[in-house]
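Residue numbers (my numbering): -18 to 351. Encoded as structure tokens, the structure appears first; notes follow it.
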């Protein structure tokens, strides 16, 4: 019996019957039940008397979140078990707030964590769930959450005015180590904010993806600035940034920015960039060829900008002098696959979860990894 199965009148009728015959019992310990409602309006079953049972009362926000999850799971066509518990193959006990299941598939658990929990404990619990054959998704109140494919975790908050729970996904600059500062609620830290019920339905429907940019054809914006060549004194363009504009293809996905020097490996990286941005493509925009050039200052060659007129190396140590003037000059479409990703040292914008919030669209439908 679930509290979500009763409307307000049905709940009052059940309360009256239970007062009379006392047939309802708690599943955790078999104690008598009383029917209550939280300050947020959530109906729930509680112990009629305080006894020896270790199952204590949950905060009102947790009960609201649990109700929203259960209703969303049911709307998605899955079966639900609220406050499900079990034992893994290694005899370790586990509990989750809502367990979603359907015929022929692995169960999916939703774990609401309102109190602070160290990240290593999240990993330990996740291993227990994995051993039990359960895919588990964490909804955590704290700002410091794991960001990894093996442990899907998202921030959960309560919107007091609307009386709903909201899920927030880490943004491109989010890192758990820096998520407790005063400015850690900003848009750079949290990129998407989704009503909990819609998020749950979407998660069960294939709308959650990790590193969504990888495997997609993305616009590559070539951002350049113009300066005077130190040798011939003529104006030449310098490629300052390469921006893989994922946000133009995937709503709210993070753009990925790189430097040409990220591909300076004297091998595949340089060849990849030079074949993607050949001299013939750069020249109409007043930009010299990107290629390895010998630097007397560094005593070695490196992948560099060069003057379009005299081909003199334009030293990378001077990029900062014109970087603020850089802007997108042209754009081409590229397949953003592992050839590109493997050369990027900063993967923070890539290794994040993304929710496909396009109406009527499943991420699994057009996913290159589906």
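C-beta: ideal position from N, C-alpha, C; glycine also.
Please return the same chain residues whose Cβ sits closer than 6 Å to the Cβ of residue i, not counting the five positions on each side in sequence.
i, result
"residue 49", "146, 177, 178"
"residue 217", "210, 269, 288, 289"
"residue 82", "60, 88"
"residue 26", "14"
"residue 73", "109"
"residue 10", "34"
"residue 215", "290"
"residue 348", "Reliability fails at residue 348, whose pLDDT of 49 lies under 50, so the model's placement of it is uncertain and no value is given."
Kindly identify the DSSP beta-bridge partner or partners of residue i.
i, result
"residue 258", "Residue 258 is not bridged to any residue."
"residue 21", "Answer is none; residue 21 lacks a bridge partner."
"residue 218", "207, 268"
"residue 201", "225, 313"
"residue 121", "94, 136"
"residue 30", "Answer is none; residue 30 lacks a bridge partner."
"residue 274", "283"
"residue 44", "According to DSSP, residue 44 bridges with nothing at all."
"residue 294", "287"
"residue 239", "223"
"residue 89", "81, 116"
"residue 129", "132"
"residue 336", "189"
"residue 308", "205"
Spatial neighbours of residue i within its chain, please: CB distance less than 7 Å, with the 5 preceding and 5 following residues excluded, ordered by chain position.
i, result
"residue -1", "5, 14, 16"
"residue 250", "244, 324"
"residue -13", "-5, 24"
"residue 47", "63, 78, 79, 93"
"residue 168", "152"
"residue 322", "195, 331"
Check whether the Cβ atoms of residue i and residue j sit closer than 7 Å, and answer yes or no.
i, j, result
"residue 226", "residue 202", "yes"
"residue 127", "residue 150", "no"
"residue 314", "residue 200", "yes"
"residue 191", "residue 334", "yes"
"residue 241", "residue 271", "yes"
"residue 317", "residue 194", "yes"
"residue 107", "residue 132", "yes"
"residue 120", "residue 110", "no"
"residue 137", "residue 122", "yes"
"residue 57", "residue 182", "yes"
"residue 291", "residue 212", "yes"
"residue 161", "residue 104", "no"
"residue 12", "residue 32", "yes"
"residue 239", "residue 223", "yes"
"residue 144", "residue 258", "no"
Counting only the same chain and skipping the five closest in sequence on each side, list residues whose C-beta sits under 8 Å from that of residue i.
i, result
"residue 273", "245, 247, 251, 282, 283, 284, 285"
"residue 275", "281, 282, 294"
"residue 303", "206, 207, 208, 219, 221"
"residue 75", "66, 67, 68, 69, 106, 109, 110, 113, 115"
"residue 140", "146, 147"
"residue 306", "206, 207"
"residue -17", "51, 61, 63"
Original post:
Given 8 Å as the limit, is there contact between the region 86 to 96 and the region 28 to 44, that is, 3 or more CB pairs closer than that?
Top reply: Because the criterion of three Cβ pairs below 8 Å is met, the region 86 to 96 and the region 28 to 44 touch.
Subject >> Three or more C-beta pairs below 8 Å linking the region 57 to 74 and the region 107 to 119 >> reply: yes
Subject >> Contained beta strand (DSSP E) runs [length at least 3] in the region 46 to 83, N- to C-terminal order >> reply: 60 to 68, 74 to 82
**OP:** Could you pull out every unbroken alpha helix (DSSP H) segment of at least 4 residues lying fully inside the region 144 to 201, listed in chain order?
**Re:** Entirely contained in the region 144 to 201, the alpha helix (DSSP H) runs reaching 4 residues are, in chain order, 177 to 185.
Original post:
Which parts of the region -15 to 19 are runs of the alpha helix (DSSP H), unbroken and 4 residues or longer, counting only runs that do not cross its ends?
Top reply: Inside the region -15 to 19, DSSP marks whole alpha helix (DSSP H) runs of 4 or more residues at positions -11 to 2, from first to last along the chain.
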